[in-house]
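Novice: Pasting in a structure now, in structure tokens, and then I'll have a few things to ask.
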Ligand SMILES: NC(=O)c1ccc[n+]([C@@H]2O[C@H](COP(=O)([O-])OP(=O)(O)OC[C@H]3O[C@@H](n4cnc5c(N)ncnc54)[C@H](O)[C@@H]3O)[C@@H](O)[C@H]2O)c1
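Listed below in structure tokens is the structure:
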């Protein structure tokens, strides 16, 4: 099996794409550590898979993440694969959304990445191997009305990961930054509890497995950016070439 004997760390492993990635890696023989604050979700991920170990960790807590990574390496072995999927996604108009919520978004979605990268990558780079996967989003590429707090975190994730990749491109570590369109996971409940931009509500959500499979293809073919789903890469090109067209479309859809 492809991952037999390897050690993987998946954050957000208690739900959605993190859960799908963790179970896929475990089914292929990896020893998988999952970090999440959702303990019930982590128990569900580990069900029937004795090689999945759950760690209750808040990824925005630097000391807790560094201590938990050290624990994983002493209990399971040096980490070969990191997938940083944990995130939150409350939406709202920037001047109406609580600034504390906007800063919490940054602490988890971006700060979590900083914590995970600095805890895991020095060892992977020193060993000259491993895979590092960041979860950005099409929302990190195409800005959207009513989703500014979240978009800002996903733009930061993409920029940070791109620089990490280039600073370590000869290290032997493979990097992938995945930019999914809407995916059918529980994350959308948070948006629905706040406000749903009309544009995202209209798009059909793809399955989590489609995202995870595209990440594997990108790692194997040496592509840094992964664009799962139809039309996603086109969205990236449109943003580069015709940003005003996308903004006009967005204003028309939301009606302001
Ligand atoms: N679902 C989508 O439409 C979509 C689209 C593009 C990108 N993404 C990104 O993909 C990744 C996975 O999203 P998902 O849809 O699977 O989400 P999800 O909500 O299903 O899972 C996210 C997990 O992160 C955990 N988490 C939240 N805060 C945490 C914290 N402080 N510490 C530890 N764990 C924490 C949650 O408990 C949850 O289990 C996220 O980074 C998300 O931004 C999602």
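Residue numbers (the working numbering): 172 to 427.
Backbone N, C-alpha and C fix where the C-beta goes; we use that ideal spot for every residue, glycine too.
Measuring alpha carbon to alpha carbon, tell me which residue in 364, 179, 381 and 391 is nearest residue 248.
Specialist: Nearest of 364, 179, 381 and 391 to residue 248, Cα basis: 179.
Novice: Just to check, is the beta-carbon of residue 188 closer than 7 Å to a non-hydrogen atom of ligand 1?
Specialist: True, at least one ligand heavy atom lies under 7 Å from that Cβ.
Novice: Taking the Cβ atom as the reference point for each residue, do residue 260 and residue 321 lie within a distance shorter than 8 Å?
Specialist: Yes. Within cutoff.
Novice: Can you tell me where the alpha helix (DSSP H) with residue 251 in it begins and where it stops?
Specialist: First-last for residue 251: undefined, no H or E at that position.
Novice: What did DSSP end up calling residue 179 once you bin it into helix, strand or coil?
Specialist: Three-state result, residue 179: strand.
Novice: Is the Cβ-Cβ distance between residue 350 and residue 398 less than 8 Å?
Specialist: Against a cut-off of 8 Å, the Cβ pair of residue 398 and residue 350 comes out as a contact.
Novice: Tell me the rounded alpha-carbon separation between residue 312 and residue 319.
Specialist: Rounded to whole angstroms, residue 312 to residue 319 spans 12 Å at the Cα level.
Novice: Does the distance between the C-beta of residue 260 and the nearest non-hydrogen atom of ligand 1 fall short of 7 Å?
Specialist: Within the cutoff, so yes.
Novice: Taking the alpha carbon of residue 344 as the point to measure from, which residue in 240, 251, 201 and 387 has its own alpha carbon closest?
Specialist: When only C-alpha atoms are compared, the closest one is 251.
Novice: Any heavy atom of ligand 1 closer than 7 Å to the CB of residue 207?
Specialist: Result yes, Cβ under 7 Å from ligand 1.
Novice: Would you list the one or two residues that DSSP bridges to residue 226?
Specialist: Residue 226 is bridged to 206.
Novice: Is residue 357 near residue 403, with beta carbons less than 8 Å apart?
Specialist: No, these two residues do not count as a Cβ contact at 8 Å.
Novice: Quick check on the DSSP output: what are the complete beta strand (DSSP E) runs of length 3 or more inside the region 346-410, in order along the chain?
Specialist: Whole beta strand (DSSP E) segments, 3+ residues: zero.
Novice: Can at least three beta-carbon pairs, one atom from the region 267-276 and one from the region 221-229, be found at a separation below 8 Å?
Specialist: Judged by Cβ distances under 8 Å, the region 267-276 makes no contact with the region 221-229, as fewer than three pairs qualify.
Novice: Could you check whether residue 325 and residue 342 sit closer than 8 Å to each other, using their CB atoms as the reference points?
Specialist: The answer is no: Cβ separation not under 8 Å.
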